[in-house]
Structure formats: structure tokens, C-alpha cells
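Encoded as C-alpha cells, the structure appears first; notes follow it.
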Amino acid sequence: MVKAHDTSLEGDGFVMNQAKVLETIAKPYGARPAISVGTEVYLTYRQMADKVACLAGGMQAQLGLQIGDRVALAMKNCGDYYPIEYACWHAGLASVPMNAKLHPREMAYILENSGARVCFATPDLAAELTALIDEIETLEEVVDITTERFDGLLAAAPIAVQSVEPSDLAWLFYTSGTTGRPKGAMITHRNMMSCTMNYYADIDQVTPYDTMIHPAPLSHGAGIYGVAFIAKGANNVVPASGGFEVTETLDLIAHWPSCSFFFAPTMVTRLISAPQIHDADTRNLRTIVYGGAPMYYEDTRRALDILGPKLAQVYGQGEAPMTITGLSRRIFEETENPDYEKIIATTGLARTDVEVRVVDADGTELPIGETGEVICRGDVVTPGYWRNPEANAKTFRDGWLWTGDVGSFDADGYLTLKDRSKDMIISGGTNIYPREIEEVLLRHDAVLECAVIGRPHADWGEEVVAFISLRPGHKVSPAELDQLCLENIARFKRPKAYHFQANLPKNNYGKILKTELRQVDQEILAKSAAD
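Numbering of the sequence shown is given in the numbering used here, commencing with residue 80 and proceeding in unit increments.
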């Protein structure tokens with residue numbers, strides 16, 4: 080088995096190429112919809128399998144790509160996203176998905192670092208990326224998927240699915256890079272298969288008559304989970320807009336049977352906060368799997384009240400794609416469980432083949448209830464970062480992934496996350512977890528979103544500051560929020576300042592950017608001092 084700190088990618092054992100999985104499922108379910116755009120079927124499974132085999136042939140014969148080469152995808156969600164990705168795997172190549180919202184300079188770094196030889200792009204991105212070819216040594220061509228060049232690749236003779244080793248690179252996922260340059264987590268075919276099988280084991284079942292709708296970027300968690308739906312012959316639907324719009328999402332729910340989603344928590348909040356949700360027909364909604372960041376208890380409770388027990392939660396990272404702990408759809412249905420409220424406030428149980436521990440700085444496992452860093456190991460964990468030995472040495476120790484997340488286990492094995500270790504506030508020598516304060520602030524009806532950060536303080540080390548985004552038409556005073564905090568948490572945890580903003584800054588995956596909020600807080604302080 081490849082150890083978590085070993086980046087040699089030497090193979091052993093047997094794991095099927097995901098493209099072979101597609102070829103296999105296309106035989107019994109060839110007439111079923113594989114990819115749809117909006118309310119229209121774009122490709123059946125037979126059409127998709129044929130298209131993938133021909134495109135893979137074009138990648139070899141016309142682009143000269145060889146087994147192991149990296150191919151970048153600079154694409155908004157569209158009907159050809161999965162066919163291109165599966166063609167990469169069919170040809171024995173590794174895909175490098177890039178979020179379409181990234182700046183071209185950010186994409187340039189990923190293209191250069193990954194050594195991608197070819198980049199497939201939607202037309203909105205193709206021209207700017209083509210201009211980068213001369214400055215990126217390995218990049219040979221940018222293929223606009225709306226051009227005759229792409230059509231020519233599709234006209235190539237089909238090739239057989241290339242066999243792969245379990246530890247061959249399948250997906251090179253670049254972290255969001257909130258601190259420094261993004262790092263490329265090497266997701267192998269073993270990792271992909273483990274993630275797929277864990278979805279069925281721990282989150283929800285999938286049949287050929289189910290639907291996965293993709294408003295979230297296919298370059299991230301939604302793309303990983305779509306693989307689990309393709310492996311079972313289900314329909315994968317891309318919104319006509321290519322993104323997340325509440326009205327469009329509700330229309331798609333009303334149209335497609337037995338539909339599921341992968342959402343960031345902020346997307347769930349937007350959906351249940353929209354006025355039209357109360358009149359919407361959500362009978363077709365099967366499951367909303369949320370992840371990428373913990374969802375606050377108050378938001379979870381509201382979602383259950385509005386949608387019913389149709390949620391599932393996953394906790395993971397790019398280094399262990401969506402698969403560290405989780406709360407299955409079944410757990411959310413067990414409303415008669417006397418511990419139900421406590422359970423849904425956690426991030427769930429360790430996934431079927433993932434070992435999870437909470438440890439101190441030396442790696443010693445901590446007793447139940449004590450808070451420390453979350454570490455994990457298993458077949459879903461990346462063997463390491465691409466060409467980054469320094470980051471590997473820091474993040475992977477003795478076969479364990481050190482997540483940087485702070486949490487604790489209860490006696491029943493449920494993990495509760497407190498915060499990212501870098502977001503923890505230390506005031507007067509006492510640890511303060513922003514999430515605890517955020518959970519309290521969100522209890523106020525006027526608060527839509529909030530984020531708590533630490534501000535440097537000469538005497539105490541740090542003090543607590545809260546950023547608040549209000550619901551439309553609502554108001555609340557700092558005094559009211561102070562009183563709410565004093566009624567629920569210790570006085571020293573109460574924010575010493577409140578900043579009200581229409582919107583809180585988020586990265587391309589919907590996570591609130593506390594690094595930017597810290598800068599905003601310092602700018603507010605500087606302006607106040609100048610006045």
C-alpha cells in the first residue's frame with residue numbers, strides 16, 4: 080500500500096479505471112440519460128461511452144498525449160465536462176480540474192506546476208489561456224470545446240480503456256490556497272474508487288433512476304460525487320446557467336425525479352432563505368449532501384424544517400475527498416432518536432474504511448471529549464502533494480493526514496469540529512473557538528451569516544470580533560447580539576466589536592474568507608484611529 084507520505088506512486092493490487100466503470104455500466108443502461116443540460120438529455124450512456132472512447136483516441140493520436148500526462152480542464156459546468164474528464168482516464172491520463180472562477184494568473188500557476196500539456200477550455204476562458212502558452216513551458220495547446228479542433232478530436236478512432244495501477248494519478252486537485260500558493264493533492268484511482276464506494280456505504284444509495292444535479296463546480300466536491308452517480312448509471316444534470324441560481328434549482332427539482340445535490344453550506348442557506356422555497360414543489364428532492372465546511376446547527380435545523388429529513392453531511396478535504404466522517408441520509412431520517420439534536424450538530428462518524436483520531440501536538444490520541452487536531456488514514460487519503468516535499472513533510476506523518484482541523488469525539492464516536500487550528504483565538508491564555516460564538520449569533524432571526532475572527536490585543540493577545548450579514552429587511556443592534564451571547568456563552572467569549580456587511584467574502588467554493596475579514600478589520604481600526 081502506498082503510504083501517505085510516499086509520492087512515488089508505485090502500483091500494487093487491482094482497482095478498475097473509472098472509465099472502465101463507465102464502459103461497463105453503459106451496456107445494460109445504454110439508453111438511460113447520462114448527462115443532461117437543463118431539462119434536456121444531452122448524452123445517453125451509450126453515447127457518452129462512445130464519445131469518451133473517440134475523444135481518448137483523439138488525445139492520443141492528434142494531441143500526442145501519453146499515459147501519465149496531465150490534462151487541465153478550465154471549464155464552467157457544461158455537458159462536455161464529464162466526457163472530457165472520462166476521456167482523460169480512458170486514455171490513461173490525469174485530469175487537472177481548475178475552478179472556472181479563478182483568475183487567469185491563478186490558472187497559469189496550476190498549469191505550470193502540474194506540467195499540463197493540454198488544457199480544455201470553455202470559450203469564455205480559452206482566449207486568455209491561449210495567450211499563456213508562450214510563458215508556460217509544458218503547455219502545448221488550449222482546446223476551445225466549441226471549435227472545429229475539438230470536433231476533430233471527437234472524430235478520431237476509438238481506443239480501448241487503458242489499464243491503470245491503483246496508485247496511478249487520476250485527478251490532480253489544487254487546494255483553494257487560502258494560505259500561500261495552492262497545493263496539488265494527488266488523487267489516485269484507488270482514492271477515487273474508495274471515495275465512490277464510501278458514498279454508497281455511508282451516505283446514500285444510488286440507482287440508474289436517480290438524478291444528480293450539479294450547480295456546484297464540477298472541479299471540486301460535486302465532480303467527485305458525480306462519479307459515484309455515473310458508476311450506477313444515474314443521470315447527471317448541469318443547470319443551463321452552469322451555476323447556482325435558486326429559481327433555476329427549484330425548477331430542476333420539480334422536473335427531474337429522485338434528485339440529489341452536493342452543496343456548500345452557504346448554498347443550502349441561500350436555498351432555504353429564498354422566499355420562493357415556501358411555494359416550491361420539492362417532492363422530487365431526494366438528498367442534499369452538504370460539505371466543504373461545517374454547517375451551523377441553526378441552519379441545519381431550518382433546512383430540516385423546510386425540506387424534511389433529506390440531508391446528508393460529509394466532512395473531508397481535498398486531501399481526502401469528501402471522505403473523513405459523515406452523517407448519512409438515514410441518520411437524518413431517525414428523528415425519533417432521543418439524541419437526534421445532538422447528533423445532527425456533529426460532523427458524523429468515521430467513514431467505513433477511514434481511521435480517524437483526535438490527537439495532541441505530539442500525535443498522542445486524546446480521550447473522549449478532549450479537543451485536539453483531527454488526523455486520519457485510509458485508502459481515500461492522497462499519497463501526497465504534487466512536487467511539494469516541504470508540504471508533504473508537514474501534512475503527512477507516519478502514514479496519517481494531519482487535517483489542521485480541531486475537534487473532539489463523543490462516547491458514541493461522533494466527531495464535532497471546533498474550528499480550523501489557524502482560526503482558533505487565544506485570549507488571555509484561553510482557547511476560544513469562533514464556531515461556538517458563530518452558532519450563538521446565528522440564533523438571532525436577523526442574522527443570515529456571520530464569521531468570528533481574532534484581533535491582536537496588547538494585553539490579552541487577541542480579542543473577539545464578529546462580522547455580521549443580515550437578512551433582507553431585518554435589523555439588530557450590537558447590544559442585542561451582546562445580550563444573546565451573554566445568555567449563552569462565557570462573558571470572555573463575547574465579541575468586542577461587530578462589523579455589519581451586506582455580504583461576507585467567500586472563495587470559489589463558498590467558504591467564508593477569514594483572512595480577508597482580518598484585513599478588513601485592520602482597515603476599519605486604522606480608519607477609526609485616523610478619524
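We treat Cβ as the ideally placed atom computed from N, Cα and C, and that holds for glycine.
Coarse secondary structure for residue i, derived from DSSP in three states
i, result
"C455", "strand"
"H169", "helix"
"N314", "strand"
"V94", "coil"
"G540", "strand"
"K99", "helix"
"P107", "coil"
"G427", "coil"
"V347", "helix"
"S548", "strand"
"G533", "strand"
"V555", "coil"
"K572", "helix"
"T290", "strand"
"G68", "Residue 68 is absent from the model: the chain starts at 80 and stops at 610."
"E412", "helix"
"C447", "The amino acid occupying residue 447 in the given sequence is Ile; Cys does not appear at that position. In this structure, I447 counts as coil in the three-state DSSP scheme."
"P400", "strand"
"L565", "helix"
"H268", "helix"
"T257", "With a pLDDT of only 43 at T257, under the threshold of 50, the placement of this residue in the model should not be trusted; the figure read from the coordinates follows. Three-state DSSP puts T257 in coil, outside helix and strand."
Cβ neighbour criterion (16 or more within 10 Å) applied to residue i
i, result
"H293", "buried"
"A609", "exposed"
"S556", "exposed"
"S87", "In this prediction, S87 scores a pLDDT of 42, lower than 50, which makes its location untrustworthy; the coordinate-derived value is nonetheless stated afterwards. With fewer than 16 other Cβ atoms within 10 Å, it is exposed."
"H268", "buried"
"Q562", "exposed"
"Q601", "exposed"
"S506", "buried"
"I447", "exposed"
"F475", "buried"
"K593", "buried"
"Q396", "buried"
"A234", "exposed"
"T258", "Here T258 scores only 46 on pLDDT, less than 50, and its place in the model should not be relied on; the value that follows carries that caveat. Exposed."
"R365", "buried"
"D203", "exposed"
"H182", "exposed"
"K180", "exposed"
"G533", "buried"
"K130", "buried"
"S298", "buried"
"D384", "exposed"
"E413", "exposed"
"S242", "exposed"
Residue i versus the options, residue with shortest Cα-Cα distance
i, options, result
"Q598", "C157, A295, K575 and F546", "F546"
"C167", "L496, C338 and Q145", "Q145"
"V543", "C564, R550 and L549", "C564"
"V325", "K311, G312, F340 and N315", "F340"
"L122", "E219, A235 and G158", "G158"
"A490", "E518, E449 and A530", "E449"
"H523", "A558, H536, K180 and Y512", "A558"
"V485", "E420, G552 and R514", "R514"
"K155", "A187, A295 and S273", "A295"
"D230", "A319, L134 and G263", "L134"
"L331", "R362, Y376, K311 and D378", "R362"
"R456", "L445, T402, L494 and K497", "T402"
"Y279", "K311, G300 and I266", "K311"
"Y464", "I423, I189 and K590", "I189"
"A525", "S548, I385 and T495", "S548"
"V120", "A472, N314 and A210", "N314"
"A205", "R228, G194, N192 and S193", "R228"
"W539", "P551, K572 and I516", "K572"
"M177", "P245, F252 and A132", "F252"
Chain D contact for residue i (CB, 9 Å cutoff)
i, result
"L520", "The chain labelled as chain D is not found in the depicted structure, where only one protein chain is given."
Residue i beta carbon near the ligand MN (any heavy atom closer than 8 Å)
i, result
"I292", "With respect to the ligand MN, the structure offers nothing, as it holds no ligand at all."
Original post:
If we count Cβ pairs, one from each stretch, closer than 8 Å, do we get three or more for the stretch 202 to 217 versus the stretch 97 to 117?
Top reply: no
**OP:** With a floor of 3 residues, list each beta strand (DSSP E) that falls wholly inside the stretch 120 to 179, ordered by position along the chain.
**Re:** Within the stretch 120 to 179, the complete beta strand (DSSP E) runs of at least 3 residues fall at 149 to 153 and 173 to 177.
Original post:
Is the stretch 314 to 329 touching the stretch 343 to 354, taking contact as three or more C-beta pairs under 8 Å?
Top reply: yes
**OP:** Could you name each continuous alpha helix (DSSP H) segment of 4 residues or more that falls completely within the stretch 459 to 529, going from the start of the chain to the end?
**Re:** 468 to 474 and 513 to 520
**OP:** Taking 8 Å as the threshold, find out whether the stretch 397 to 415 comes into contact with the stretch 282 to 302 through three or more Cβ pairs.
**Re:** yes
Subject >> Inter-stretch contact (C-beta, 8 Å, three-pair minimum) for the stretch 217 to 231 and the stretch 422 to 439 >> reply: Flag = no, the stretch 217 to 231 and the stretch 422 to 439 do not touch.
Subject >> Three CB pairs or more closer than 8 Å across the stretch 354 to 367 and the stretch 188 to 200 >> reply: Result no; under three Cβ-Cβ pairs closer than 8 Å.
**OP:** Report yes or no: do the stretch 138 to 155 and the stretch 166 to 182 share at least 3 C-beta pairs separated by less than 8 Å?
**Re:** yes
Original post:
Given 8 Å as the limit, is there contact between the stretch 299 to 317 and the stretch 272 to 280, that is, 3 or more CB pairs closer than that?
Top reply: yes
Subject >> Completely contained beta strand (DSSP E) runs for the stretch 179 to 254, where each covers 3 or more residues >> reply: DSSP runs (the beta strand (DSSP E)) wholly in the stretch 179 to 254: 197 to 200, 220 to 223 and 248 to 253.
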